[in-house]
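>
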Amino acid sequence: MSAFNSIGWGEGGVVRMLDQRKLPHETVYNDYHTYGEVAQAITDMVIRGAPAIGAAAAYGLALTAHRTTAVSPVALRAELAKAAELLRASRPTAVNLFWAIDRMTKTIADPALNTVSALQTATLFEANAIAAEDVAINKQIGQNAQPLIPDEATIIHHCNTGSLATVDYGTALGIIRMAHEQGKKIFALLDETRPRLQGARLSAYELKAQGVPFKVIADSASGHFMRTIGVDLCVVGCDRVAANGDTANKIGTYNLAVVARANNVPFYVAAPTTTIDMATATGDEIEIEERPSREITHVGNCQITPDGIEVGNPAFDVTPNEYITAVITEKGIVYPPFKENLAKLMRSGEIA
Ligand code: MRU
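Taken in order, the sequence shown gives residues 0 to 351; the numbers are from numbering that gives the first Met the number 0.
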């Protein structure tokens with residue numbers, strides 16, 4: 000696994016994940032032996048980011064097949080169904096999790112797989128395919144985005160959408176990385192991304208290693224930088240894009256989009272088509288995960304609030320489609336009207 004590979008299949012049949020809770024100070028890989036451990040790792044954010052948790056769920060199912068004691072395909076399919084159910088419950092918002100489990104479930108249902116060993120081979124093949132496709136998709140998103148990125152650009156980015164949030168390379172952060180690799184003069188302003196600090200810890204870790212110039216800023220500083228030094232564009236990732244273009248992403252994305260609109264700064268969403276959910280009509284239908292209050296009351300192990308206070312900790316928000324300039328996918332750039340153009344893209348791969 001490369002320094003930033005979030006997940007892979009390890010020797011002896013284990014799921015290996017880079018423990019993102021410990022970054023940037025410690026690089027620790029954990030090995031997982033059961034689907035229950037994988038589901039818990041997703042919930043606890045050992046691995047996080049929509050495409051990465053999709054791959055984790057897929058590998059969790061391959062792991063189940065690999066480590067089963069079942070002697071018949073019927074018994075193994077029953078075990079896989081139980082694993083799928085638990086993995087589905089690990090986090091609610093990112094659609095990639097459900098997309099990957101559905102894709103694996105389809106493979107598992109193939110009647111031609113009529114032995115335990117055939118199911119083992121097929122589930123690992125499919126999980127590896129999901130992982131490999133994710134990397135290829137991300138690189139294509141990076142390429143498709145380049146015409147939108149000026150040769151000199153100051154770019155605001157929210158959360159972490161890089162190699163760590165995917166299987167490798169990244170979506171929105173991948174666009175920034177590719178622009179830098181192509182010799183553009185890029186300066187990134189990384190929102191720290193309270194409360195889990197994915198920007199300050201993870202995006203800063205990635206861009207520092209890649210030599211991309213950046214500054215970490217408080218989430219509340221974006222408007223100030225737009226008004227003072229000038230910002231050319233914002234680019235963010237997504238956990239679920241509804242059929243009308245409303246986009247769920249890390250909490251604070253909506254604030255950033257509104258400030259971008261007020262300052263005439265283009266606001267782009269980098270979205271693999273695996274994150275576009277045509278079965279969800281609008282953002283109002285997207286379940287927003289509420290996470291433990293300790294994420295707000297503490298920074299690391301240090302309590303910053305008085306005891307016994309009430310906390311609200313939605314992990315995501317929905318940016319209404321009217322604040323989004325374009326959605327950048329591996330199949331091309333989608334502009335408004337999103338309802339029509341996303342439908343066209345998802346139906347035929349065509350861009351309007
Ligand atoms: O709670 P997280 O860290 O899993 O949230 C991650 C995000 O919101 C990312 O922006 C999103 O998953 C896109 S990652 C390519």
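Glycine included, each C-beta is placed from N, C-alpha and C at the ideal position.
None of these values were measured; they are calculated from a predicted model.
1. Which value, in whole angstroms, describes the spacing of the CA atoms of Val-234 and Tyr-267?
2. What do you reckon, are the CB atoms on Pro-271 and Thr-324 nearer than 8 Å?
3. Is DSSP giving Lys-214 helix, strand or coil here?
4. Candidates Pro-149, Arg-239, Arg-176 and Met-345: which alpha carbon is nearest Thr-279's?
5. Taking only heavy atoms of ligand 1 into account, decide whether any of them is closer than 7 Å to the Cβ of Pro-50.
6. In angstroms, rounded to a whole number, what distance separates the CA positions of Leu-255 and Gly-11?
7. Write down every uninterrupted run of the alpha helix (DSSP H) in the segment 72–138 whose length is 4 residues or greater and which is fully enclosed by it, in chain order.
8. Quick check on DSSP: helix, strand or coil for Gly-222?
9. Using CA atoms only, rank isn't needed, just tell me which of Asp-43, Thr-114, Glu-125 and Trp-98 is closest to Trp-8.
10. Compute the minimum distance between the beta carbon of Phe-315 and the heavy atoms of ligand 1, and state whether it is under 7 Å.
11. Which stretch, first to last residue, makes up the alpha helix (DSSP H) that contains Asn-340?
12. For a test of your reading of the model: does the CB of Asn-248 fall under 7 Å from any non-hydrogen atom of ligand 1? Yes or no.
13. Could you please give the first and the last residue of the uninterrupted alpha helix (DSSP H) stretch that includes Glu-180?
14. Mark Asp-245 as exposed unless 16 or more other C-beta atoms lie within 10 angstroms of its C-beta, in which case mark it buried.
15. Given a cut-off of 8 Å, decide if Ala-269 and Ile-174 are closer than it, judged by their beta-carbon atoms.
16. Exposed or buried, Ala-351, counting other C-beta atoms within 10 Å across all chains shown (16 or more means buried)?
17. Tell me which residues share the same chain as Pro-149 and place their Cβ nearer than 7 Å to its Cβ, disregarding the 5 neighbours each side in the sequence.
18. Taking the straight line between their C-alpha atoms, what separation do you get for Pro-313 and Val-14?
19. Could you check if Gln-197 belongs to the surroundings of ligand 1, using beta carbon to heavy atom distance under 7 Å?
20. Going by alpha carbons, who is nearest to Glu-329 out of Phe-315, Glu-132, Lys-184 and Val-211?
21. Return yes when the C-beta of Thr-160 is under 7 Å from any heavy atom of ligand 1, and no when it is not.
22. Quick check on the DSSP output: the alpha helix (DSSP H) that includes His-65 runs from which residue to which?
23. Would you say Ser-162 reaches chain C, if we count a Cβ-Cβ gap shorter than 8 Å as a contact?
24. Tell me whether Gly-12 sits in a helix, a strand or coil according to DSSP, three-state version.
So, to answer that:
1. Residue 234 sits at position 235 when you count from the first residue of the sequence shown. Residue 267 sits at position 268 when you count from the first residue of the sequence shown. C-alpha separation (whole angstroms): 5 Å.
2. The count along the sequence shown starts at 1 and reaches residue 271 at position 272. The count along the sequence shown starts at 1 and reaches residue 324 at position 325. Contact: no.
3. Position 215 of the sequence shown, counted from the first residue, corresponds to residue 214. It is a strand residue.
4. Residue mapping note: residue 279 aligns to position 280 of the sequence shown, counting from 1. With distances taken between Cα atoms, Thr-279 lies closest to Arg-239.
5. Working through the sequence shown from its first residue, we reach residue 50 at position 51. Proximity of the beta carbon of Pro-50 to ligand 1 is indicated: a heavy atom of the ligand is located closer than 7 Å.
6. Here residue 255 refers to the residue found at position 256 when the sequence shown is read from its first residue. Here residue 11 refers to the residue found at position 12 when the sequence shown is read from its first residue. Distance between the alpha carbons of Leu-255 and Gly-11: 45 Å.
7. You should have 72–87 and 94–107.
8. Here residue 222 refers to the residue found at position 223 when the sequence shown is read from its first residue. It is helical.
9. Your numbering for residue 8 matches position 9 in the sequence shown. Per the Cα distances, Glu-125.
10. As a position in the sequence shown, residue 315 is number 316, starting the count at 1. For ligand 1, at least one heavy atom lies less than 7 Å from the Cβ of Phe-315.
11. Taking the sequence shown and counting its residues from 1, the one referred to as residue 340 is at position 341. Taken as a continuous stretch (DSSP letters only), the alpha helix (DSSP H) holding Asn-340 covers 337–347.
12. The count along the sequence shown starts at 1 and reaches residue 248 at position 249. Flag set: Cβ of Asn-248 near ligand 1.
13. Here residue 180 refers to the residue found at position 181 when the sequence shown is read from its first residue. 171–180 is the span of the alpha helix (DSSP H), which, as asked, contains Glu-180.
14. As a first step, residue 245 is located in the sequence shown; it is residue number 246 there, counting from the start. Buried is the call here.
15. Numbered from its first residue, the sequence shown carries residue 174 at position 175. Numbered from its first residue, the sequence shown carries residue 269 at position 270. Yes, the Cβ-Cβ distance between Ile-174 and Ala-269 is below 8 Å.
16. Taking the sequence shown and counting its residues from 1, the one referred to as residue 351 is at position 352. Bear in mind that the predicted position of Ala-351 carries a pLDDT of just 47, short of 50, making it unreliable; the figure below should be weighed with that in mind. Taking all protein chains shown into account, Ala-351 has fewer than 16 neighbouring C-beta atoms within 10 Å of its C-beta and is therefore exposed.
17. The residue you call residue 149 lines up with position 150 of the sequence shown. Within the same chain, Pro-149 has close Cβ partners Asp-231.
18. In the sequence shown, residue 313 corresponds to position 314, counting from 1. In the sequence shown, residue 14 corresponds to position 15, counting from 1. Straight-line Cα distance between these residues: approximately 29 Å.
19. Here the question's residue 197 lines up with position 198 in the sequence shown. The answer is yes for Gln-197.
20. Here residue 329 corresponds to residue number 330 of the sequence shown, with the count starting at 1. The option with the nearest alpha carbon to Glu-329 is Glu-132.
21. The count along the sequence shown starts at 1 and reaches residue 160 at position 161. Yes; taking the cut-off as 7 Å, the Cβ of Thr-160 has a heavy atom of ligand 1 nearer than that.
22. For the purposes of this step, residue 65 is taken as the residue at position 66 of the sequence shown. Bounds of the alpha helix (DSSP H) holding His-65 are 49–65.
23. In the structure shown, chain C cannot be found, because there is only a single protein chain.
24. Translated into the one-based positions of the sequence shown, residue 12 becomes position 13. Coil.
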